[in-house]
Each structure stands twice: as structure tokens, then as C-alpha cells.
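S.K.: Per our numbering, residue 1 is the first one in the sequence shown, and the count goes up by one each step. Positions of the beta carbon are idealized from the N, C-alpha and C atoms, including for glycine. Only a predicted model underlies this, so the values are computations on that prediction, with no experimental measurement involved.
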Amino acid sequence: MSGDGLLENAPVALCATSLNGEILAHNPVLPQWLGLSGTRGTAGLVGRNLIDWLTPAGRLLYESRLMPELMRSGYVREVVIEVRGRNGQPASVILNANLIEQPTGDRRVYVALFDAATRIAFERQLVEARRAADLASSQLRLLQEATSRLAVAKGLDDLGLTLTDSSGRATQAAWTTVRIIDTQQPGSVLAEHTWGSRPGGIELFGSAPIPAEMVVCRNAVDIRLTMPEAAEALRAAGVESLVVTPIVRAGDGETVVLGAIHSWFRRSRSLEADVLDTLQALAGQAERVIEHLQLQDRVRHRSLHDVLTGLPNRQLFEERVGQMLTESRRTASSVAVLFLDLDGFKAINDQLGHRVGDDVLVSVAGRLREACRAGEIVARLGGDEFVIAIAHENESGVAGLAERALERVREPLAGEAGAFPLSASLGSVIYHPNAEAVPTAGELIAAADAAMYEAKRSGKNRTLQRAWSAEAPTAPPASA
């Protein structure tokens, strides 16, 4: 070794050995690294074997991998190997070696040993950083995918399916359930989806309200402390950790719970911040989609319902009648439309004003709803005209509905309109699937309208029933 002080003070251990590991020369750092503080100078370990300071694992690596590679290629690089360091404790070092042939023909191995502790710590940090980056990238891709799917959700069922899938993948939970509740009717569920079978006996908080803050239970002890009333049922179901992520709408000093993402696990989980952040991000996206879907529902409801009475309007009524006609051709069942026009309403509206007239129309709408049974549809077409659709009924049943409707309309009015008589003229048309011509919903309504006008011309306050026929009048005469 050089005596100029550079190699003696190098921050690495340097030595030259024979092919069998005998130390021929070394710098002062080598004895220090091997825990031989009493050995000084550059000749203290000469004649001893470097292999003696390797741990069993280090010796196995040295003999089975390092020497064969050194003999084959003439060098080895960046190999982590264990030596017996200070106090005989294993220490990891990084070994580089070159095989050099001397002028005499002998071959020597020149070895440099670097302290691996800092390097290993750095590499561990690097691996952890890469893992965190990969996880963050994975979670970001999951959120981006969920955002794209939620943006085209056609309803709450679509939203529930997407949330269940995305949150299940984000947490790797054994079971995942998404529940969307009706904020107007406590206890009513609008949509619910589960990935995997929900743990037996779990009622999703039962009648208790969903908490407005995230609930995190990382083990059975947390569960017992956080939700003691459900702890036994959860234990019996095999649940050892869980997360409840509420879907909330906050604003104007009020927090409204719209639903929740329930994640259950069979084992204790650390539930790191990135997983919880992803769940909360999914819940935040869900809240915006729910708001958008509810706005769409309100707009659609307004477009398909009469503003005054809340009854379906002509567009929705025709859609429903069209559905009935499609079903009738499949099941060979009848479809009937009843068309009502109020008698005496004009006098009320003209003499008492539109406010009282509107109250009368709202009252009539309520009475017609009460006269109908489940599955029978009442709508307002405009003015004082109302229609009813009924399926799976014969002539006698349609006539009975018509009479019930007229009786309810004739009942005395309340308030200012109480002194005015009110009745209705009603026309009904029944379509049977064995008829030659198949009507559209509009044609069936028009035929019932024509029958109503004929009843009105006959003296009002009465009904007229017809079977559908393509030749029958489908519009009132011009003089009506």
C-alpha cells in the first residue's frame, strides 16, 4: 500500500489477498472495521485469512458466488456481504474486487470494502419512496377511472356499482357495501350494492343514523370501543377491522348525510392515510354526482308533471299508455283510456277568479287519485281536462272506474266554490289486443276525447264507453 497517507486515511477498507484469501497487505482502516482496535499499521493482519472475518452467510456467498465470478470475469462489483465487525456483531459491507496478474506471474485479489449501512438505509428509503409513489400513482389512476365512470352514471344504481367496485379495489376489503339513503324519508334506501357477500348479521347501523364523520376501526379492540352495540355481531361475522366513510353534503352550516361506503376486513388492518384519503375522495365525488342526478330528476319531474296538481302531464301519460299497449300485445290484456272534462268549472273560474279555480283543480286531482287503484294512472292534460289509464280490465271494470270518478267529482266543493255545482263528462275507449288495428297512445287518447265530447253533447254529467276501432272518431267535431 502507498505510504503517502492517502490510502491510509481513505474512508474505505483496502487490502490485497492471495487467491485463497490470505491477506498480503492492507490499509489501517481494515482492522478498525473488523473490530481489531489493537492492531495498527499496514502489516498487522498480513498472513491471516480474510475469510476468517466473514459470517457463515458471508463465507457461503464468497465461496459460491464471488470467487467463481472473479475467476471468470476478473472482477466483482457492488456485492453486499456480511463480516464479523466490532464486538463480533454481523455488519454489512459492499465489496468490490479485481483479480490482477503480477509481473512475477502470481495473481492477487485487490479488495475494497465500503460501509453498507448508509447505502442500505438509503436504498430502503428509496424502495419505500418508490412504493409510495407507485401506490399514489395506482390510487390516482383508480380515482381517475372512478371519476370517468361516475361522470356518465345514469342513476343511483350506476353510482352505487361504481363506488362499490372502486372502493373495494382501493381497500382490498373482504366486503364492501355502498348505501344511498333518502334524506326526505328517514330509514328509506334509494340504492344499495355490495361487493362480496355482506357479513352475516350486519345491519349497517340498523335504525341508527349513519355517522357524519369517518369511522375507522383498525382491530377488534377499536370496534368494541367505537361501536360496542355491534361488536359481538361483527366478531361472529368474522370482521376484525372496518371503515365507514360517509357521503355528506355540507353547506349553510348544515351537514346532510346522503349515504356511506362500508368496508369490512377479516384481519386487523393498519389502514394508512392514503387508503383513507382515497375513500374520502370517492365519497366526495359521489356527493357531487348524487347532487347532479337529483337535479336531473327534479328537472325531468318538472318536465313530465303538471306544475299545479303534480299529476303526470300529456307527455308522461302518453309514455305510460305506450308501455301499457306494448305489455298488452305480450300478455293479450286490454288497455283503456278515460277522458274527463269538467262541467261547471268555467263559471267558478270566471266568477271567483283563477286562484279559486286553481284550488278546485287541485281538489279534483286529489279526488281522482283516490278513485283509482294501484297501477291506474291519472294525468292532467291542461285546463280542466283529466285522463285516466287502466290495463287488464274488461268493460264492466272500466265502467265502474268511470262511475267512481264521476261520483268523486260531483262531491260538494269546499270554501268559496262550495255554492257552485261541479260535475264531469267522461268518454272511455277500450283496446283489446285481438282488434284489427293497433292504436298508438295518442290515437287512444284522441278516441277517448271524441267519446267525451259526444257524452257532453248528450247532456253532460254522464259517461260514454266505446271499444277501440280505427274507423271510430278520434277527434271532437269542429262544432263541439
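Just to check my reading of the structure: leucine 150 and valine 289 have Cβ atoms closer than 8 Å, yes? What is that Cβ distance to the nearest angstrom?
M.R.: 5 Å
S.K.: For arginine 373, name the three-state secondary structure that DSSP assigns.
M.R.: coil
S.K.: Starting from threonine 331, follow the alpha helix (DSSP H) in both directions and report where the run begins and ends.
M.R.: 314 to 331
S.K.: Applying the criterion that 16 or more other CB atoms from any shown protein chain within 10 Å of the CB defines a buried residue, is isoleucine 445 buried or exposed?
M.R.: buried
S.K.: Apart from the five residues on each side of it in sequence, which residues of its chain come closer than 7 Å, Cβ to Cβ, to glutamate 69?
M.R.: Val76
S.K.: Give the list of continuous beta strand (DSSP E) stretches no shorter than 3 residues that lie fully inside the stretch 434 to 474.
M.R.: 463 to 467
S.K.: Please identify the residue among Pro103, Asp106, Arg72 and Trp53 whose C-alpha is closest to the C-alpha of isoleucine 81.
M.R.: Trp53
S.K.: Quick one: grab the DSSP three-state call for isoleucine 348.
M.R.: helix
S.K.: Relative to the C-alpha of glycine 74, which residue among Thr164, Ala97 and Leu352 is closest?
M.R.: Just measuring C-alpha positions, the residue of Thr164, Ala97 and Leu352 sitting nearest glycine 74 is Ala97.
S.K.: Does the distance from the C-beta atom of valine 256 to that of isoleucine 210 stay below 7 Å?
M.R.: no
S.K.: Straight-line CA distance for glutamate 376 to isoleucine 390?
M.R.: If I take the Cα positions, the gap works out to 5 Å.
S.K.: Less than 7 Å between C-beta atoms, sequence neighbours within five positions excluded: which residues of the same chain meet that for proline 102?
M.R.: A quick correction: the sequence has glutamine, not proline, at residue 102. Closer than 7 Å at Cβ, skipping near neighbours: Arg108.
S.K.: Relative to the C-alpha of isoleucine 223, which candidate in Gly253, Asp252, Arg249 and Ser268 has its C-alpha closest?
M.R.: Ser268
S.K.: Under the rule that 16 or more other beta-carbon atoms within 10 Å means buried, what is alanine 173, buried or exposed?
M.R.: buried
S.K.: Have a look at Pro28, Ser18, Glu78 and Arg72 and flag the residue whose alpha-carbon is nearest the alpha-carbon of leucine 50.
M.R.: Ser18
S.K.: How is phenylalanine 420 classed by DSSP in three states: helix, strand or coil?
M.R.: Coil.
S.K.: Work out the CA separation of methionine 452 and threonine 440 for me, nearest whole Å.
M.R.: 19 Å
S.K.: Mapping DSSP to helix, strand and coil, what is leucine 14?
M.R.: strand
S.K.: Determine whether the beta carbon atoms of leucine 342 and aspartate 384 lie at a separation below 7 Å.
M.R.: yes
S.K.: Taking all protein chains shown into account, decide if leucine 190 is buried (16 or more other Cβ within 10 angstroms of its Cβ) or exposed.
M.R.: buried
S.K.: Mind checking arginine 65: buried by the 16 CB within 10 Å criterion, or exposed?
M.R.: exposed
S.K.: Mark glutamate 240 as exposed unless 16 or more other C-beta atoms lie within 10 angstroms of its C-beta, in which case mark it buried.
M.R.: buried
S.K.: Where proline 11 and phenylalanine 114 are concerned, what is the direct C-alpha to C-alpha distance, given to the nearest angstrom?
M.R.: 8 Å
S.K.: Which residue's Cα is closest to the Cα of valine 178: Val429, Leu140 and His262?
M.R.: With distances taken between Cα atoms, valine 178 lies closest to His262.
S.K.: Using only the alpha-carbon positions, how far apart do leucine 464 and arginine 298 sit?
M.R.: So the alpha carbons of these two residues sit roughly 37 Å apart.
S.K.: Helix, strand or coil for leucine 426, going by three-state DSSP, please let me know.
M.R.: strand
S.K.: Between serine 2 and the rest of its own chain, which residues show a CB-CB distance below 6 Å, the 5 nearest in sequence each way excluded?
M.R.: The predicted model places serine 2 with a pLDDT of 45, which falls under 50 and marks its position as unreliable, so this point remains unresolved.
S.K.: If you count every other CB in all the chains shown that lies within 10 Å of the CB of asparagine 27, and 16 or more means buried, which is it?
M.R.: buried
S.K.: DSSP state of arginine 108, grouped into three classes?
M.R.: strand
S.K.: So, under 8 Å CB-CB, arginine 314 and leucine 381 are touching, yes? Tell me the CB distance rounded to an integer number of Å.
M.R.: 5 Å
S.K.: State buried or exposed for isoleucine 104, treating a residue as buried only when at least 16 other CB atoms are found within 10 Å of its CB.
M.R.: Strictly speaking, residue 104 in this sequence is threonine, with isoleucine absent from that position. Under this definition threonine 104 is an exposed residue.
S.K.: Suppose the cutoff is 6 Å on Cβ atoms and the five residues either side in sequence are ignored; what does the same chain contact list for arginine 462 look like?
M.R.: Ala455
S.K.: Mind checking whether leucine 156 and isoleucine 180 have CB atoms under 7 Å apart?
M.R.: yes
S.K.: DSSP three-state label for valine 335, please.
M.R.: DSSP places valine 335 in strand when its eight states are reduced to three.
S.K.: For the alpha helix (DSSP H) that isoleucine 290 lies in, which residues bound it at each end?
M.R.: 273 to 304
S.K.: What did DSSP end up calling aspartate 115 once you bin it into helix, strand or coil?
M.R.: Three-state result, aspartate 115: strand.
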